[in-house]
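Quick note, the sequences are listed as chains A and B, same order. Numbering-wise (my numbering), the first sequence opens with residue 13 and increments by one. Numbering-wise (my numbering), the second sequence opens with residue 6 and increments by one.
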Amino acid sequence: MTAEALDQEHKSGERKWRRRSLWSLVLLIPLALAVESYDSVRTLLRNNDLFPRRVAWGQSAHFAGSDWKLTNLRGAFGMSNLPPDSVPVLADFQVKIGNSDLQKLWLGCKVMLIDKDGRRWSPTSIVSLKTPDNIGNCVSAIFSGARTGDTLNLRETFLVPKEATKSIWPAIGVASERPHFLLFQLEKD
Amino acid sequence: MMRRTANIILLLMAVLFCYGLQISKPHYGDLIGPIPARGKLGDTVVGRAFEVHAEKVEFARKLKVDQFGQQKVLTTGGVWAVVSVDFAARSESTVVSTASWRGPAGLTYDQTERLSFMNGLLPVAIDPGLPRKARLIFEVRPDETSNATLLVSEKLVAALDSQAEIALGPVAVGADGLPAGTVDTLDMLQSP
Numbered sequence: 013m014t015a016e017a018l019d020q021e022h023k024s025g026e027r028k029w030r031r032r033s034l035w036s037l038v039l040l041i042p043l044a045l046a047v048e049s050y051d052s053v054r055t056l057l058r059n060n061d062l063f064p065r066r067v068a069w070g071q072s073a074h075f076a077g078s079d080w081k082l083t084n085l086r087g088a089f090g091m092s093n094l095p096p097d098s099v100p101v102l103a104d105f106q107v108k109i110g111n112s113d114l115q116k117l118w119l120g121c122k123v124m125l126i127d128k129d130g131r132r133w134s135p136t137s138i139v140s141l142k143t144p145d146n147i148g149n150c151v152s153a154i155f156s157g158a159r160t161g162d163t164l165n166l167r168e169t170f171l172v173p174k175e176a177t178k179s180i181w182p183a184i185g186v187a188s189e190r191p192h193f194l195l196f197q198l199e200k201d
Numbered sequence: 006m007m008r009r010t011a012n013i014i015l016l017l018m019a020v021l022f023c024y025g026l027q028i029s030k031p032h033y034g035d036l037i038g039p040i041p042a043r044g045k046l047g048d049t050v051v052g053r054a055f056e057v058h059a060e061k062v063e064f065a066r067k068l069k070v071d072q073f074g075q076q077k078v079l080t081t082g083g084v085w086a087v088v089s090v091d092f093a094a095r096s097e098s099t100v101v102s103t104a105s106w107r108g109p110a111g112l113t114y115d116q117t118e119r120l121s122f123m124n125g126l127l128p129v130a131i132d133p134g135l136p137r138k139a140r141l142i143f144e145v146r147p148d149e150t151s152n153a154t155l156l157v158s159e160k161l162v163a164a165l166d167s168q169a170e171i172a173l174g175p176v177a178v179g180a181d182g183l184p185a186g187t188v189d190t191l192d193m194l195q196s197p
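The structure is reproduced here in C-alpha cells:
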C-alpha cells in the first residue's frame, strides 16, 4: 500500500468518526439536559398540586391510604369584624382511615379552595369559629393516633371574597400523592 | 515563524477573551438572588405572588404603641419611618413576611422588632381578592431617609423569587436635621 492510499484511508476514517460524533450530539445533548433537570422536575412535581382528580358530590375517593368525602361546604354569613366583602367558608370532610400511617401518608396536607379562575385560598387564621371537640383539621388528624377503620371529621375555615363564593371547590393535596390532588365537585355541579 | 506568531496572538486573544468573560460574569449571589419588581411611591408593584402599593411615608420622633394592654411611647436615637402599604395576593393565599429600608448610602434597616404582636405589622397573611392594609415600621438614621428604597418580599431569603423595590423619593431635610414634616409623636393605636 502506498503512503498516499494510507493517507486517503486515514482521512475517510476520520471523516466518518467526525460525522458519528456530530450525530451523537443530537442524542447526547438532550440526554444531558434530562439528567441535569431530573431532580428539579421531580421536586417541582412533588411540591405542587398540579393534576386534579375530580370527586363527584356525595362520593368518596381513595387518597393517601384513606377514603375522603366532602360532607358540607357553607358560608358563615353575618359575622362582624371582617374585611369588607369577605365571607368565611367552612369545608367539612369525613375521612375513613385505611392505612393508619398518617404521619407518613398525610405529610404536607394542604386543604384549599379553588375557584373557576384557578385562584387558591388557604385556611385562614383571621376567623376563628368554635368547633365541636370531635372535629379536627388535617394537621391535627396526623397526630390524632387514628387507627384503620376509624372515621375522622375534619373542618377547615377559609376567608374568601363574596364574588368568589359562587364558583369555589374544595381540594386536598398531600405530599405522598403529589402532583395529583383531590378536587371535590359540589351538589350543584 | 509566521505560524508561531499567529499562534501566540491567538493564545493571547483567548486569554483576553476568557478574562473578559470572568470579569463581566454576574456573581452567583446575583444569579440566584431576588428578582426585583421596581416601582415608586403610589405605584402598585406586582411580584410573582403578591402586589404591594405603598401609599405614604410618615416620620416621627416617637411612636405611641399599645403593648399587652399598656400604652407605651417608644423613642429613638434616629427617626421612625412608617410606611402605609396595601397588600394583595395574586393567585394564591400567601404570607408577606419581610420588609427592609435601604438608604441612599446603601445601609439597610430591617423592620423593627420593638413592636410585637401589633395588628397590621408583618408577617401579613393575604388571600386572593381580599387586599389588606399594613404598616411597615423602621428605625433609621435621619440621613438615610431621602431617596430610600423599600424592599418587600414574602420570605427572608427571597432567592429566585420576586422582591418589590419601591423608590420612596427625595425627602427635604428640616433645620433640626430630621426629615421635613417629622411629627413629634405618631399614634399607632389607630388602625392602618
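No residue lacks a Cβ here, since even glycine has one placed at the ideal position from N, Cα and C. Keep in mind that this is a model prediction, so the values were computed, not measured.
Kindly say whether arginine 131(A), judged by its beta-carbon, lies nearer than 8 angstroms to any beta-carbon of chain B. Residue mapping note: residue 131(A) aligns to position 119 of the first sequence, counting from 1. Yes, arginine 131(A) counts as interfacial toward chain B.
Note down the Cα distance separating leucine 57(A) from arginine 190(A), rounded to an integer number of angstroms. Here the question's residue 57(A) lines up with position 45 in the first sequence. Here the question's residue 190(A) lines up with position 178 in the first sequence. Straight-line Cα distance between these residues: approximately 7 angstroms.
Leaving out five residues before and five after serine 167(B) in sequence, what residues of the same chain have Cβ atoms less than 6 angstroms from its Cβ? Taking the second sequence and counting its residues from 1, the one referred to as residue 167(B) is at position 162. If we look at serine 167(B) and ignore the five residues flanking it on each side, its Cβ neighbours are Ile40, Ala42, Gly52 and Arg53.
What residues from chain B crowd round alanine 176(A), counting only those whose CB sits closer than 9 angstroms? Sequence index remark: in the first sequence, residue 176(A) carries index 164 (1-based). Neighbourhood of alanine 176(A) in chain B, by CB distance below 9 angstroms: Pro133 and Gly134, in chain order.
Find the nearest neighbour of glycine 174(B) within the set Gly125(B), Leu16(B), Val78(B) and Ala153(B), judged by alpha-carbon distance. As a working mapping, residue 174(B) is identified with position 169 in the second sequence. For glycine 174(B), the nearest C-alpha among the options comes from Ala153(B).
Taking the C-alpha atoms as reference points, what is the distance between phenylalanine 105(A) and arginine 95(B)? Sequence index remark: in the first sequence, residue 105(A) carries index 93 (1-based). Sequence index remark: in the second sequence, residue 95(B) carries index 90 (1-based). Rounded to whole angstroms, phenylalanine 105(A) to arginine 95(B) spans 27 angstroms at the Cα level.
With DSSP collapsed to three states, give me the class of glutamate 60(B). Residue 60(B) sits at position 55 when you count from the first residue of the second sequence. If DSSP states are grouped into helix, strand and coil, glutamate 60(B) belongs with the strands.
Hey, out of Asp148(B), Ala164(B), Asp48(B) and Met18(B), whose CA is closest to arginine 107(B)'s CA? On the second sequence, position 102 is the one that residue 107(B) refers to. For arginine 107(B), the nearest C-alpha among the options comes from Asp148(B).
Report the neighbours of arginine 137(B) on chain A: residues whose CB is nearer than 8 angstroms to its CB, in chain order. Here residue 137(B) refers to the residue found at position 132 when the second sequence is read from its first residue. Within chain A, Pro95 have C-beta atoms less than 8 angstroms from the C-beta of arginine 137(B), given in sequence order.
Thinking C-beta only, is valine 88(B) closer than 8 angstroms to valine 62(B)? Locating residue 62(B) in the second sequence gives position 57, where the first residue counts as 1. Locating residue 88(B) in the second sequence gives position 83, where the first residue counts as 1. Yes; because the gap between Cβ atoms is below 8 angstroms, this pair is in contact.
Could you list the residues in the region 92-104 of chain B with a C-beta less than 7 angstroms from some C-beta on chain A, going in chain order? Ser96, Glu97 and Ser98
Give the interface partners of alanine 42(B) over in chain A, defined as CB-CB distance under 8 angstroms, in chain order. Here residue 42(B) refers to the residue found at position 37 of the second sequence. Neighbours of alanine 42(B) on chain A: none; closest Cβ ~20 angstroms, over 8 angstroms.
For the beta strand (DSSP E) containing asparagine 202(A), name the first residue and the last one. There is no way to answer for residue 202(A), as the model of chain A reaches only from 13 to 201.
Locate the alpha helix (DSSP H) running through aspartate 19(A), then write down its first and last residues. For the purposes of this step, residue 19(A) is identified with residue 7 of the first sequence, where counting begins at 1. That run of the alpha helix (DSSP H) goes 15-59.
What does valine 172(A) reach in chain B if we use C-beta pairs closer than 9 angstroms? The count along the first sequence starts at 1 and reaches residue 172(A) at position 160. Within chain B, the residues near valine 172(A) are Asp132, Pro133, Gly134 and Leu135.
Contacts of serine 137(A) in chain B (Cβ-Cβ under 9 angstroms): Within the first sequence, residue 137(A) is the residue found at index 125, counting from 1. Near serine 137(A) (Cβ distances below 9 angstroms), the residues of chain B are Ala130.
Can you tell me the Cα-Cα spacing of arginine 119(B) and aspartate 132(B), whole angstroms? In the second sequence, counting from the first residue as 1, residue 119(B) sits at position 114. In the second sequence, counting from the first residue as 1, residue 132(B) sits at position 127. Taking the straight line joining both Cα atoms gives about 27 angstroms.
Hey, leucine 117(A) and valine 139(A): beta-carbon distance below 8 angstroms or not? The residue labelled residue 117(A) in the question sits at position 105 within the first sequence. The residue labelled residue 139(A) in the question sits at position 127 within the first sequence. It is not a contact, given that the beta carbons lie outside the stated cut-off.
Could one say the Cβ of serine 98(A) lies closer than 8 angstroms to chain B's Cβ atoms, at least one of them? Working through the first sequence from its first residue, we reach residue 98(A) at position 86. Answer yes: the Cβ-Cβ gap between serine 98(A) and chain B drops below 8 angstroms somewhere.
Does DSSP put aspartate 79(A) in a helix, a strand or coil? Along the first sequence, one-based indexing puts residue 79(A) at 67. Looking at aspartate 79(A) - three-state DSSP - the assignment turns out to be strand.
When you compare only the Cα positions, how much space is there between valine 162(B) and valine 47(A)? Within the second sequence, residue 162(B) is the residue found at index 157, counting from 1. Within the first sequence, residue 47(A) is the residue found at index 35, counting from 1. Rounded to whole angstroms, valine 162(B) to valine 47(A) spans 28 angstroms at the Cα level.
Considering threonine 10(B), what are the terminal residues of the alpha helix (DSSP H) in which it resides? Locating residue 10(B) in the second sequence gives position 5, where the first residue counts as 1. Threonine 10(B) -> alpha helix (DSSP H) spans 7-29.
Chain B beta carbons: is any one of them nearer than 8 angstroms to that of serine 140(A)? Counting from one through the first sequence, the residue named residue 140(A) turns up at place 128. No, serine 140(A) lies away from the interface with chain B (no Cβ there is under 8 angstroms from its Cβ).
Segment limits, alpha helix (DSSP H) that includes glutamine 116(B): As a first step, residue 116(B) is located in the second sequence; it is residue number 111 there, counting from the start. Segment: none, glutamine 116(B) is in no alpha helix (DSSP H) and carries neither H nor E.
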